[in-house]
Structures are given as structure tokens and as C-alpha cells.
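S.K.: What follows is a single structure, and I will ask about it in a moment.
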Amino acid sequence: MQKLCQLTPPDFTPADFTHWGDVTPFAIVNSREFLPAPPPALTDKEYVQDLAEVQSLGEIDSTTRSKEQTLIGNFWGGKIQNYWNEIAQTAALAHHLNLEQSARLFALVNFGMADTAISFFEAKYIYHFWRPVTAAELSDTDWLPLSTKTAPDPSYTGAHSATSFAAAQALRFYFGDKFTFDVTSEVLPGVKRHFASFSAAAKEAGLSRIYAGQHYRFDHEAGLVLGQKASKSIDETTLLPK
Numbered sequence: 066m067q068k069l070c071q072l073t074p075p076d077f078t079p080a081d082f083t084h085w086g087d088v089t090p091f092a093i094v095n096s097r098e099f100l101p102a103p104p105p106a107l108t109d110k111e112y113v114q115d116l117a118e119v120q121s122l123g124e125i126d127s128t129t130r131s132k133e134q135t136l137i138g139n140f141w142g143g144k145i146q147n148y149w150n151e152i153a154q155t156a157a158l159a160h161h162l163n164l165e166q167s168a169r170l171f172a173l174v175n176f177g178m179a180d181t182a183i184s185f186f187e188a189k190y191i192y193h194f195w196r197p198v199t200a201a202e203l204s205d206t207d208w209l210p211l212s213t214k215t216a217p218d219p220s221y222t223g224a225h226s227a228t229s230f231a232a233a234q235a236l237r238f239y240f241g242d243k244f245t246f247d248v249t250s251e252v253l254p255g256v257k258r259h260f261a262s263f264s265a266a267a268k269e270a271g272l273s274r275i276y277a278g279q280h281y282r283f284d285h286e287a288g289l290v291l292g293q294k295a296s297k298s299i300d301e302t303t304l305l306p307k
């Protein structure tokens, strides 16, 4: 496997959350329980295709990204756990949960997101895979992502995808998937996105990071699997009704 240890432009700040894989999880066995397979090699067709996709759709001045994709790329640009706690609150209120039911719901959602974060940061610092902006810089390509800046941690796996699918898994466990709701953005005040299922919102949140130039599609796909597995294991074993 390749370990591509490069500081991330344009700020070249030191890597963050490097210790997170050592944090004690709430419910999963350990940070490597759901470790994904390695990312594709730089010579693999998957890497070449996914790099071309993010360089096209995720560029700051992209001519291939639609207006809708630009909105999505910007909409989900805040702290992803905040979006999913808002969604959980909306669902709890709509289903008239009492205090005890709400406490269990929020515990499962946040246990899932927390243990998934421990897991994906462990993966990030095992594989040390470079971000799209670093790949562009080292190939002497003048390229910047839609969001201009990139988080100073490795690309694989995608945090938004893993976190979103972990939260959605817990919400599906509690309510089923079909639920009509709006969610707001902490970075685009007054803008709402409308969904008819938890899984649809999770998918859009994950794909937003391609449109924002932050992640490859294989980051997204590995993240969604990791998040679902970690959260499902928690839902089925933790805080069970008496």
C-alpha cells in the first residue's frame, strides 16, 4: 500500500486528529473492527477515473459541475455531525418520542457517529492517502477545489460519507428509512434541502464532498460501508429495550 504523506495545500498546516484512532470507542470493539480495504493504487483504473471525476466536478471554476451540484457541494460544508443531530431532532419531534425514547435515539445516533469517527481516522492514518488537491499539486496542475481549502488529514476514507451513513443507519433502525424532512445548512443561512428518506440525505452528503473537490468517489464508497457497518453493530447490541 502507498503512504502518501504530504501536507495539504494551500495552508500546509500539520495533520489533525492523528490520535483519534487511539480513542476508546463507546460500543464497537476497537478502531480497526471495520477497517476498510486499502484504497486503489495510483496505477489502478479506479483511481484514474475517480481522480478525473473530482478534478472535473470539484474544481473551483468547474464548467462541468451543475448549479445544483455546486449548491450541494457548499450546503454540506459545515460540521457534518451537526446536520445529523438536527435531522434526528426533526425525526424525534415528528414521531412524538418521549424523553426516554429521545435519549435512546440520540445516544444511538451519536454513538454511531463517534465510533465511526474513531474508525475512519484510524483508516486515514493507516493508509495516508493524498487529497485531490495534493495529487494536482504534485502533478504540476493549477487546480483548487470548490471550497478552496482542504482539511489537513488524509483522504481515505471520507468523513462526511462515513458519518452520514452511520447516522442514517441508526435513524433507519429506529424509524425505517422513509421520512420526509428538511435540513438546514450552517454555512448557507436560510437554505434548506428536502428529502424523502434518511438514506437519500446521507448519499447527498457524501457525494457533496466530490462536488466540493475534497474527496474521491472511492473515499465516499468506503466511508458509507464503514459507517453503516459500525452503526449497525451498535444498533443491534447497545441500549436494547428491557
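Each number in the numbering used here comes from the position in the sequence shown (counting from 1) with 65 added on. Glycine included, each C-beta is placed from N, C-alpha and C at the ideal position. Predicted model only: the values in this text are computed from it and were never measured.
Drop a sphere of 10 angstroms on the beta-carbon of Ile125, count the other beta-carbons inside from all chains shown, and report buried for 16 or more, exposed for fewer.
M.R.: Taking the sequence shown and counting its residues from 1, the one referred to as residue 125 is at position 60. Exposed.
S.K.: Do you know whose CA, among Ser273, Lys268, Gly271, Phe246, lies nearest Phe260's CA?
M.R.: Here residue 260 corresponds to residue number 195 of the sequence shown, with the count starting at 1. Ranking the options by Cα distance to Phe260, first place goes to Phe246.
S.K.: Would you tell me roughly how many angstroms separate the C-alpha atoms of Gln166 and Trp149, rounded to the nearest one?
M.R.: For the purposes of this step, residue 166 is identified with residue 101 of the sequence shown, where counting begins at 1. For the purposes of this step, residue 149 is identified with residue 84 of the sequence shown, where counting begins at 1. Rounded to whole angstroms, Gln166 to Trp149 spans 17 Å at the Cα level.
S.K.: Identify the continuous beta strand (DSSP E) that holds Arg282 and give its terminal residues.
M.R.: Within the sequence shown, residue 282 is the residue found at index 217, counting from 1. Counting along the chain, Arg282 falls outside any beta strand (DSSP E), though it belongs to the alpha helix (DSSP H) covering 282-300.
S.K.: Quick check on the DSSP output: the beta strand (DSSP E) that includes Thr155 runs from which residue to which?
M.R.: Against the sequence shown, residue 155 aligns to sequence position 90. Premise fails: Thr155 lies in the alpha helix (DSSP H), 145-159, not in any beta strand (DSSP E).
S.K.: Per DSSP, which residues does Thr73 bridge with? Please list them.
M.R.: As a position in the sequence shown, residue 73 is number 8, starting the count at 1. Answer by DSSP bridge pairing, in chain order: Thr78.
S.K.: Quick test of your reading: Arg282 and Glu118, contact by CB under 8 Å. State the CB separation rounded to the nearest angstrom.
M.R.: Residue mapping note: residue 282 aligns to position 217 of the sequence shown, counting from 1. Residue mapping note: residue 118 aligns to position 53 of the sequence shown, counting from 1. With 8 Å as the limit, Arg282 and Glu118 qualify as a contact, their Cβ atoms being about 6 Å apart.
S.K.: Here's the rule: buried if 16 or more other CB atoms are within 10 angstroms of the residue's CB, otherwise exposed. What is Ala102?
M.R.: Here residue 102 refers to the residue found at position 37 of the sequence shown. Looking at its Cβ environment, which holds fewer than 16 other Cβ atoms inside 10 Å, Ala102 is exposed.
S.K.: For the candidate residues Gly143, Leu209, Arg97, whose alpha-carbon lies nearest to that of Leu291?
M.R.: Taking the first residue of the sequence shown as 1, we reach residue 291 at position 226. Ranking Gly143, Leu209, Arg97 by Cα distance to Leu291 puts Arg97 first.
S.K.: Given a cut-off of 9 Å on the beta-carbon distance, is the pair Ala224 and Ala295 in contact?
M.R.: Here the question's residue 224 lines up with position 159 in the sequence shown. Here the question's residue 295 lines up with position 230 in the sequence shown. Not closer than 9 Å, so no.
S.K.: Please state if the CB of Ala227 and the CB of Leu289 are separated by a distance shorter than 9 Å.
M.R.: Position 224 of the sequence shown, counting from 1, holds the residue named residue 289. Position 162 of the sequence shown, counting from 1, holds the residue named residue 227. Contact flag set, yes.
S.K.: Can you tell me where the alpha helix (DSSP H) holding Ile110 begins and where it ends?
M.R.: Reading the sequence shown from its first residue, position 45 is the one you call residue 110. Contrary to the premise, residue 110 reads as Lys rather than Ile in this sequence. Counting along the chain, the alpha helix (DSSP H) containing Lys110 begins and ends at 110-122.
S.K.: Which ranges would you report for the alpha helix (DSSP H) in the segment 231-289 if only whole runs of at least 4 residues count?
M.R.: Fully enclosed alpha helix (DSSP H) runs of 4 or longer: 263-276.
S.K.: How many whole angstroms separate the CB atoms of Ala57 and Ile145, which I take to be in contact at a CB cut-off of 8 Å?
M.R.: The chain is shown only over 66 to 307; residue 57 falls outside these bounds and no answer can be derived.
S.K.: Roughly how many angstroms lie between the CA atoms of Gln114 and Phe140, to the nearest whole one?
M.R.: On the sequence shown, residue 114 is found 49 positions in, with the first residue counted as 1. On the sequence shown, residue 140 is found 75 positions in, with the first residue counted as 1. The straight-line gap from Cα to Cα measures roughly 25 Å.
S.K.: When you compare only the Cα positions, how much space is there between Leu158 and Gly123?
M.R.: As a first step, residue 158 must be located in the sequence shown, where it is residue number 93. As a first step, residue 123 must be located in the sequence shown, where it is residue number 58. For Leu158 and Gly123, the distance between alpha carbons rounds to 36 Å.
S.K.: So, with DSSP's three-state summary, where would you put Pro197?
M.R.: Translated into the one-based positions of the sequence shown, residue 197 becomes position 132. Pro197 falls in the helix class under three-state DSSP.
S.K.: Go through its chain and collect everything with a Cβ distance to His285's Cβ below 6 Å, but skip five positions before and after it.
M.R.: The count along the sequence shown starts at 1 and reaches residue 285 at position 220. So the qualifying residues of the chain are Gly223, Ser226, Gly271.
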